[in-house]
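Asks: Following this message is one structure expressed as structure tokens.
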Amino acid sequence: MELTQAAFWLALLQIIWVNILLSGDNAVVIALAARALPPDQQKKAIVIGSAAAIVMRIVLTLVAAKLLLLPWLKLIGAVLLVYIGVTLLLPDDEDEGDGKTHGSLMSAIRTIMIADLVMSLDNVVAVAAAAMGDTTLLVLGLAISIPLVIFGSTLLLKVIERFPIIVWVGAALLGFIAGELLVGDPALQEPIARIDTALGVTQHSFATMVGVAGALLVLALGKILIARRKAD
């Protein structure tokens, strides 16, 4: 498509809109990962993490169709999301020194990138469909989305500072997404179909049930590990 064509701009707006809708979960992770950093490091983590995540999403979108068919990929992603959710609940150690601060910044950026990569496995299909095979359109649309994701993450970070309970809500959300991701793994479709039949529920209902279980698992593990740290 040419820049002068109305179809190009309509498709571009569609990519930006779809990416914004699908980035709500990602904004939660970005804000949660950045919250423990010093104020001067928070903006760096949000900007670098968001930009790196968008670049990864572009690459992922280009190979999305093949990746989504790989068995066990979503299962591994689900385990990673549970791990990240629990980790974000744990209080950070109070360590001094520039080296520790730098390490915390890199850790936050790494968390943002991994979580965004995992949560984008399904989302990129919608983005790829909106791009209609046009790589220029895809890159441009996702690049324009970066400041919007940064704004959303920054705003959410301020809300988290005022209402810390949102940290637990965000961690539970990661657990819920992990559960839904698990149910969508190609390698598990046959056993899941048998479970659906045995329980008399649809796959969507079962995915919701597993999602709730994932959320509860993250919260329970977080509580247990926090209690152990306090005991030590």
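Residue numbers (this note's numbering): 1193 to 1424.
By construction, the Cβ of each residue, glycine as well, lies at the ideal position given by its N, Cα and C atoms.
Note that this is a predicted model, so its numbers are computed, not measured.
1) Based on Cα-Cα distance, which residue from 1365, 1406, 1380, 1282 lies nearest to residue 1263?
2) What is the DSSP secondary structure of residue 1398, counted as helix, strand or coil?
3) Quick check on residue 1357: buried or exposed, where buried means 16 or more other Cβ atoms within 10 Å of its Cβ?
4) Short of 6 Å in beta carbon distance, which residues of its chain neighbour residue 1398, apart from the five on each side in sequence? Order them along the chain.
5) Assess contact between the region 1204-1218 and the region 1323-1337, defined as three or more Cβ pairs (one per stretch) separated by less than 8 Å. Is contact present?
6) Kindly indicate which residue of 1408, 1218, 1231 has the alpha-carbon position closest to the one of residue 1426.
7) Straight-line CA distance for residue 1275 to residue 1259?
8) Would DSSP call residue 1270 helix, strand or coil?
9) If residue 1373 sits next to residue 1269, beta carbons under 8 Å apart, how far is it from one beta carbon to the other, in whole angstroms?
10) Just the Cα atoms here: how many angstroms apart are residue 1250 and residue 1406?
11) If contacts are defined as beta-carbon pairs under 8 Å, then residue 1182 and residue 1241 qualify, I think. What distance do you get, rounded to the angstrom?
12) Looking at C-beta atoms only, is the number of pairs between the region 1364-1378 and the region 1402-1416 that lie closer than 8 Å three or more?
13) Check residue 1376 in the structure and name its three-state DSSP category.
14) With a Cβ-Cβ cutoff of 8 Å, do residue 1245 and residue 1342 count as a contact?
15) Could you give the C-beta distance for residue 1309 and residue 1225, rounded to a whole number, given that I count them as a contact under 8 Å?
16) Straight-line CA distance for residue 1287 to residue 1298?
17) Within the continuous alpha helix (DSSP H) that includes residue 1386, where are the two ends?
18) If I'm right that residue 1351 touches residue 1375 with Cβ under 8 Å, what's the distance once you round it to whole angstroms?
19) Using the beta-carbon count (16 or more within 10 Å), is residue 1416 buried or exposed?
20) Under three-state DSSP, which class holds residue 1201?
21) Looking at the structure shown, is residue 1290 part of a helix, part of a strand, or coil, going by DSSP?
22) If you follow the alpha helix (DSSP H) that residue 1355 is in, where does it begin and where does it stop?
23) For residue 1409, which of helix, strand or coil comes out of DSSP?
Replies: The structure says:
1) 1380
2) helix
3) exposed
4) 1388
5) yes
6) No answer is possible for residue 1426: the residues shown for the chain start at 1193 and end at 1424.
7) 22 Å
8) helix
9) 5 Å
10) 28 Å
11) Shown here, the chain extends from 1193 to 1424; a query on residue 1182 therefore has no answer.
12) yes
13) coil
14) no
15) Going by Cβ atoms, the distance from residue 1309 to residue 1225 rounds to 13 Å, so no, they are not a contact pair.
16) A caution first: residue 1287 carries a pLDDT of 46, below 50, which makes its placement in the model unreliable, though a value can still be read off. Residue 1287 and residue 1298: Cα-Cα distance of roughly 15 Å.
17) 1381-1391
18) Not really, about 30 Å apart at Cβ, beyond 8 Å.
19) exposed
20) helix
21) Note on residue 1290: pLDDT 46, under 50, position unreliable in the model; the coordinate value appears next. Correct three-state label for residue 1290: helix.
22) Residue 1355 -> no alpha helix (DSSP H), and no H or E assigned at all.
23) helix
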